[in-house]
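Here the structure is laid out as structure tokens; the discussion comes afterwards.
Residue numbers (our numbering): 1046 to 1288.
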């Protein structure tokens, strides 16, 4: 459990940074669970800059889950396969078939039901709950895990570390603001707390970060999840988020 004062400071700084620098992504302009799930499956292990045009193409071609359910699998894969990780087209089609058939086109609104859909794990189900249904749920993608691990100095074994990071991801959510804090954590991890050459001097959390403290002290022990260190560059300033 994070100390109350530290948790509030963490929340305030992440939310303030996100309000100024959050990325303006097309799936952040909708609460349609179908569109959000498409974005999450397409984004799996893929750079966002490559995902955006494919996401737009998928939704132009299949604007509803029923439209995707009626489409041939090969047609869907022709759009999604160029991203790599070619199972994602099959996942999208499988989700569409189940939602159209079992739920009459309406996406389920519980974590348990969402996780029974093809290709939907804990993270993707949580993303739909947060971004479509506006329910507070922890999210832990690669960027968020790296940020939390570095900031709070998590250094347990792999299994224990995963459990601890999920607990932290839940603990930092301000009540009723899961949507904002999770988007902020993902963007902060992607733009600032990068795997290589993290921009620590541009980070709003730098004063309380265990990783930065150890780096400044010249720690001889292994630093969490980084292979190089360079002078931080200015944070890029994308278009202000439209909410």
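C-beta: ideal position from N, C-alpha, C; glycine also.
From a predicted model like this one, the values you see are computed outputs, not experimental measurements.
Beta-carbon spacing of residue i, residue j below 8 Å
{"i": "residue 1060", "j": "residue 1229", "result": "yes"}
{"i": "residue 1087", "j": "residue 1096", "result": "yes"}
{"i": "residue 1214", "j": "residue 1183", "result": "yes"}
{"i": "residue 1090", "j": "residue 1226", "result": "no"}
{"i": "residue 1110", "j": "residue 1065", "result": "no"}
{"i": "residue 1138", "j": "residue 1162", "result": "no"}
{"i": "residue 1159", "j": "residue 1173", "result": "yes"}
{"i": "residue 1047", "j": "residue 1154", "result": "no"}
{"i": "residue 1257", "j": "residue 1245", "result": "yes"}
{"i": "residue 1248", "j": "residue 1191", "result": "no"}
{"i": "residue 1132", "j": "residue 1181", "result": "no"}
{"i": "residue 1152", "j": "residue 1144", "result": "yes"}
Residue i versus residue j: straight-line alpha-carbon distance, rounded
{"i": "residue 1254", "j": "residue 1195", "result": "7 Å"}
{"i": "residue 1178", "j": "residue 1262", "result": "44 Å"}
{"i": "residue 1098", "j": "residue 1104", "result": "10 Å"}
{"i": "residue 1130", "j": "residue 1136", "result": "11 Å"}
{"i": "residue 1267", "j": "residue 1260", "result": "Legend: pLDDT at residue 1267 = 49, less than 50; position of this residue unreliable, no value from coordinates given."}
{"i": "residue 1049", "j": "residue 1203", "result": "27 Å"}
{"i": "residue 1147", "j": "residue 1250", "result": "45 Å"}
{"i": "residue 1243", "j": "residue 1209", "result": "23 Å"}
{"i": "residue 1054", "j": "residue 1236", "result": "20 Å"}
{"i": "residue 1199", "j": "residue 1212", "result": "12 Å"}
{"i": "residue 1112", "j": "residue 1252", "result": "50 Å"}
Residue from the options whose Cα sits closest to the Cα of residue i
{"i": "residue 1134", "options": "1094, 1190 and 1116", "result": "1116"}
{"i": "residue 1125", "options": "1167, 1157, 1085 and 1146", "result": "1085"}
{"i": "residue 1051", "options": "1246, 1197 and 1242", "result": "1197"}
{"i": "residue 1070", "options": "1256, 1176 and 1211", "result": "1176"}
{"i": "residue 1187", "options": "1180, 1233 and 1218", "result": "1233"}
{"i": "residue 1157", "options": "1150, 1080 and 1167", "result": "1167"}
{"i": "residue 1075", "options": "1100, 1164 and 1149", "result": "1100"}
{"i": "residue 1189", "options": "1222, 1112 and 1240", "result": "1240"}
{"i": "residue 1079", "options": "1224, 1193 and 1150", "result": "1150"}
- Message: At 4 residues or longer, what runs of the alpha helix (DSSP H) sit wholly inside the segment 1124-1188?
- Response: Taking only runs of at least 4 residues, the alpha helix (DSSP H) segments lying wholly in the segment 1124-1188 are 1132-1147, 1156-1159 and 1167-1176.
- Message: Which runs of the alpha helix (DSSP H) at least 4 residues long sit entirely within the segment 1080-1118? Give them in chain order.
- Response: The DSSP assignment places 1093-1106 and 1110-1115 as complete runs of the alpha helix (DSSP H) inside the segment 1080-1118, in order along the chain (cut-off: 4 residues).
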